[in-house]
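Below is one structure, written out as structure tokens; comments come after it.
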Amino acid sequence: MATSFWVPLAIHTAAKWRVADVLEDGSKTVAELARATDTQEDPLRRVLRALASLGIFAETEDGRFAHTPMSRTLRSDAPGSLRDFMMMIGADWYWRAWGQLPHSIKTTQPGFDQVFGEPVFEYLSKHAEAATVFNRAMTGFSAMSGAEVAPERYDFSQVKTVVDVAGGHGSFLARVLKTHPHLRGGLFDQPAVVAEAQAMLAESGVADRCTLLGGDFFESVPESYDVYMMKMIIHDWKDAQALRILQNCRKAMLRDAKLLLVEQLMPERAVPGPHHFIDLAMLSMLGSKVRTVTEFRALLAQAGFELTRTIDLVHGFAILESKPS
Ligand SMILES: C[S@@+](CC[C@H](N)C(=O)[O-])C[C@H]1O[C@@H](n2cnc3c(N)ncnc32)[C@H](O)[C@@H]1O
1 MATSFWVPLA IHTAAKWRVA DVLEDGSKTV AELARATDTQ EDPLRRVLRA
51 LASLGIFAET EDGRFAHTPM SRTLRSDAPG SLRDFMMMIG ADWYWRAWGQ
101 LPHSIKTTQP GFDQVFGEPV FEYLSKHAEA ATVFNRAMTG FSAMSGAEVA
151 PERYDFSQVK TVVDVAGGHG SFLARVLKTH PHLRGGLFDQ PAVVAEAQAM
201 LAESGVADRC TLLGGDFFES VPESYDVYMM KMIIHDWKDA QALRILQNCR
251 KAMLRDAKLL LVEQLMPERA VPGPHHFIDL AMLSMLGSKV RTVTEFRALL
301 AQAGFELTRT IDLVHGFAIL ESKPS
């Protein structure tokens, strides 16, 4: 455990240079892999051996490397691929923020702001390459988190229109629209983010049922949709800002509209699983937290909502359904 941060940085290195992509079936020599990834043979062998010692890639008797089930998850085309997520985990802006965890404990302030002098979303709005890594990582994380099963778990039969507030590149909305062909959707996010969403929506075959809406949820959100969805958004913000976003949703909604939050729920005590470390990631990057259902109920009530039910998904995720109170 003491040295475990070495592991994701080694995985990131293999992901960055796409070793898993160039290694197809069978095995390859390190020289072949180095040529195909434009890297240096000796350090590449050392990284691959380190990973192979953990079962990520395997070294054959004659010193070639082959895939294992774990290394296959780094292929860009693997279902629920880890590649984009590992691109973020090893990005220097990501782990440098984590390095300030002791500072966050003293101050409650995010490590990210301490290192870079501004909040992460402001930084990303000025650094296009980092923003692309982040948005792809979020799409990748969604695919592996299990939160993507939400569209199948909610009854949309009486609903005509849904808006995904801060829906990123639109992968979640695309899934909702694909699963429920009678729905029309709106994808709302910052203008630069929605501008990159068209390809994903077209690829999913839902572009003709989807409107792209650029804006700032601290100002306002689009009006009069039947269902307002927000997946993995409230956990990004401290209470004061989370309240503002929820109040803006409330203002935009008609009385019989519904709000669906898809969030990880924090258990009341320490349990095995990813919750507590995701919570620390929230602290380091954003100064925010993973909330318990009690904390969500209170926050929603303050914003003018009544939490009507929670639908458990997998990996501790749940749909929290609320209505205007
Ligand atoms: C953690 S990502 C979640 C994206 C998506 N809902 C998902 O689950 O993959 C947070 C999203 O909030 C968006 N966001 C941040 N600040 C925003 C703002 N002021 N107005 C609208 N969207 C914002 C970001 O652009 C990003 O797409």
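Residue numbering for the sequence shown follows full-length UniProt numbering, beginning at 1 and increasing consecutively.
For every residue, glycine included, the Cβ atom is placed at its ideal position computed from N, Cα and C.
For clarity, every value in this text was computed on a predicted model and none was experimentally measured.
Query, Result
"Is it buried or exposed for Gln264, if we count other Cβ within 10 angstroms and need 16 for buried?", "buried"
"With C-beta atoms as the reference, is Phe217 less than 8 Å away from Val165?", "yes"
"Let's test the definition: count the other Cβ atoms within 10 Å of the Cβ of Arg153 and tell me whether it reaches 16, buried, or not, exposed.", "exposed"
"Going by the beta-carbon positions, is the gap between Tyr225 and Ala270 smaller than 8 Å?", "no"
"With three or more C-beta pairs closer than 8 Å as the rule, is the stretch 171-185 touching the stretch 236-244?", "no"
"At which residues does the beta strand (DSSP E) containing Ala288 begin and terminate?", "A small fix is needed here, since residue 288 is Ser in this sequence, not Ala. Premise fails: Ser288 is in no beta strand (DSSP E) and is neither H nor E."
"Is the beta carbon of Thr139 less than 8 Å from the beta carbon of Asp84?", "yes"
"Quick check: the stretch 96-104 against the stretch 282-295, are there 3 or more CB pairs under 8 Å?", "yes"
"Does the beta-carbon distance from Gly168 to Asp189 come in below 8 Å?", "yes"
"Given that a residue counts as buried once 16 or more other Cβ atoms are within 10 Å of its Cβ, and exposed if not, what is His276?", "exposed"
"Out of Glu61, Glu148, Leu280, Ser322, point me to the one whose CA is closest to Trp95's CA.", "Leu280"
"What I want to know is whether the C-beta of Ile319 ends up closer than 7 Å to one or more non-hydrogen atoms of ligand 1.", "no"
"So Ala303 is in the beta strand (DSSP E); what residue range does that whole segment cover?", "First-last for Ala303: undefined, no H or E at that position."
"Just tell me which of Lys178, Leu320, Leu212, Leu177 has its CA closest to the CA of residue 344.", "Since the first residue of the chain shown is 1 and the last is 325, residue 344 is not available in this structure."
"Tell me whether Glu268 is buried or exposed, calling it buried when 16 or more other Cβ atoms sit within 10 Å of its Cβ.", "exposed"
"If Arg250 sits next to Gly304, beta carbons under 8 Å apart, how far is it from one beta carbon to the other, in whole angstroms?", "4 Å"
"So, using beta-carbon positions, are His180 and Met86 closer together than 8 Å?", "no"
"With a CB to CB cut of under 8 Å and the five nearest residues on each side skipped, what residues in its chain are close to Gly185?", "Thr161, Val162, Val163, Asp164, Leu173, Val176, Leu177, Val206, Arg209, Cys210, Thr211"
"Can you give me the C-alpha to C-alpha distance between residue 326 and Trp17, rounded to a whole angstrom?", "Absent from the structure is residue 326, since the part of the chain shown begins at 1 and ends at 325."
"Would you say the beta carbon of Phe218 comes nearer than 7 Å to a heavy atom of ligand 1?", "yes"
"With the cut-off set at 8 Å, would you say Leu313 and Val149 are in Cβ contact?", "yes"
"Under a Cβ-count criterion, where at least 16 other Cβ atoms within 10 Å of its own Cβ denotes burial, should Val221 be classed as buried or exposed?", "buried"
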